[in-house]
Amino acid sequence: MGEVSNGGRAGVDDDPWEVTSVKMRRSTKRAVKLYAVERDKTMQSVLEEALQRLLVEKSTK
């Protein structure tokens, strides 16, 4: 799949965005979307942050 620009975020120039697709339950998607809207964020940024936190948490155990 294609790559998407990372928006010039510092420190991630060597880690480009990749387009992917995932299946999730409708209720989960709605909850993520609502969470994002309430915080003026994108679903992408919410999911990226959540996954990064999970990976850091798992790597320190």
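Residue numbers for the sequence shown follow this note's numbering, so the first one is 142 and each next one is one higher.
From the three backbone atoms N, C-alpha and C, an ideal C-beta is built for every residue, glycine too.
Treat the numbers as computed from the prediction; the structure is a model and nothing was measured.
With respect to Val187, Val173 sits close: the two C-beta atoms are nearer than 8 angstroms.
Nearest C-alpha to Val163 among Arg180, Asp155, Ala177, Met184: Met184. Distance from the CA of Val178 to the CA of Asp155, rounded to the nearest whole angstrom, comes to 29 angstroms. The C-alpha of Ser168 is placed about 30 angstroms away from the C-alpha of Lys202.
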